[in-house]
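Since the structure comes first, as structure tokens, the remarks are kept for the end.
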Ligand SMILES: Nc1ncnc2c1ncn2[C@@H]1O[C@H](COP(=O)(O)OP(=O)(O)O)[C@@H](O)[C@H]1O
Ligand SMILES: [Mg+2]
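Take a look at the structure:
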């Protein structure tokens, strides 16, 4: 950093006016603030990366540049879902908050496209993002009662899921098969979802949504409502058509 001495010494004969000194101080303060904000963001991102749950395939990345519309027979549709995802990313980027749903059958590219949104937010915005494979989450929450290590991890993950700007829930609905079973573990999972859903619907003082939640799912909204409590679904899953990316007409591109 520049020192006050150097600044004053540029021209010893020149007297530094109060205004100049004040302007210099303000500039130094601004730079300090900026650096501080960057350090805080870097730290937060480290935590959200640590608490992300990636499923069996481990940490994955994908970007809009890698999206190949020609992998699909319906090239036009494959192009359209990407354009819609980019448009939604641009709104998230400037701090708008709303929920997004990517809906379609297996192998359509839902996870790939949601990873592209995540990648773009990390590269081109100050917003924090966390990826949660819902199947992994179920395993984490339904751990053994005496497993304190798992308990601690669950608490960390829950806190991050409640506080991150943009929360991605990958394969929402896929873990809910046993959700209506009675039993303390299922009860715990249900309670977990309640707390997260409640936190995610928080509003700012001026009544705007504070957080965004993005889900990918193979299920219809009505299926999700049957699987989870409808309060959970209404808080996490958007009803707005413009925020739903529907993959109908696209195929399974896995080999
Ligand atoms: N349009 C595309 N361009 C490039 N790769 C794609 C595309 N669609 C899917 N893939 C790749 O195909 C595989 C299956 O896609 P995935 O996103 O996992 O599907 P889903 O989540 O809908 O089941 C992944 O490896 C993904 O990266
Ligand atoms: Mg997927």
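Residue numbers (full-length UniProt numbering): 1 to 255. Idealized CB from N, CA, C, for every residue including glycine.
Of the listed residues the options, nearest to residue i (C-alpha basis)
i, options, result
"residue 45", "222, 121, 173", "121"
"residue 134", "18, 94, 190, 24", "190"
"residue 41", "188, 126, 158, 130", "126"
"residue 49", "161, 77, 185", "161"
"residue 208", "175, 65, 97", "97"
"residue 170", "80, 114, 238, 74", "114"
"residue 254", "61, 58, 36, 105", "105"
"residue 152", "205, 238, 32, 51", "51"
"residue 239", "248, 220, 229, 247", "220"
"residue 204", "233, 95, 81, 193", "95"
"residue 66", "111, 87, 150, 136", "111"
"residue 186", "199, 229, 47, 247", "229"
"residue 244", "32, 103, 26, 87", "103"
"residue 248", "74, 225, 202", "74"
"residue 128", "16, 43, 33", "43"
"residue 56", "22, 76, 132", "132"
"residue 109", "218, 188, 136", "218"
"residue 59", "76, 222, 136, 147", "136"
"residue 192", "223, 157, 222", "157"
"residue 246", "30, 85, 18", "85"
Expected contact under 8 Å - CB spacing of residue i and residue j to nearest Å
i, j, result
"residue 213", "residue 99", "5 Å"
"residue 173", "residue 227", "6 Å"
"residue 145", "residue 117", "With a Cβ gap of about 37 Å, residue 145 and residue 117 do not count as contacting."
"residue 140", "residue 250", "The Cβ separation is near 31 Å, so there is no contact."
"residue 130", "residue 168", "7 Å"
"residue 119", "residue 211", "Incorrect: roughly 19 Å between the Cβ atoms, too far for contact."
"residue 166", "residue 92", "6 Å"
"residue 107", "residue 252", "3 Å"
"residue 159", "residue 200", "That belief does not hold up - the Cβ atoms of residue 159 and residue 200 are roughly 13 Å apart, past 8 Å."
"residue 138", "residue 83", "About 33 Å; that fails the 8 Å criterion."
"residue 242", "residue 233", "Going by Cβ atoms, the distance from residue 242 to residue 233 rounds to 19 Å, so no, they are not a contact pair."
In DSSP terms, what residue i is bridged to
i, result
"residue 53", "132"
"residue 245", "102"
Neighbour-count burial assignment, residue i, 16 or more Cβ in a 10 Å radius
i, result
"residue 124", "exposed"
"residue 269", "The chain is shown from 1 up to 255; residue 269 falls before or after that span and cannot be answered."
"residue 78", "buried"
"residue 155", "exposed"
"residue 197", "buried"
"residue 81", "buried"
"residue 237", "buried"
"residue 26", "exposed"
"residue 16", "exposed"
"residue 23", "exposed"
"residue 87", "exposed"
"residue 202", "exposed"
Closer than 8 Å to chain C by CB, residue i
i, result
"residue 241", "Of the chains in the structure shown, none is chain C; there is only one protein chain."
Just list the alpha helix (DSSP H) runs in the UniProt domain "AAA+ ATPase" (96-242), keeping only unbroken ones of 4 residues or longer that don't cross its boundaries, in chain order.
110-124, 134-141, 148-163, 184-200, 221-227, 230-236
Which runs of the alpha helix (DSSP H) at least 4 residues long sit entirely within the segment 25-87? Give them in chain order.
none
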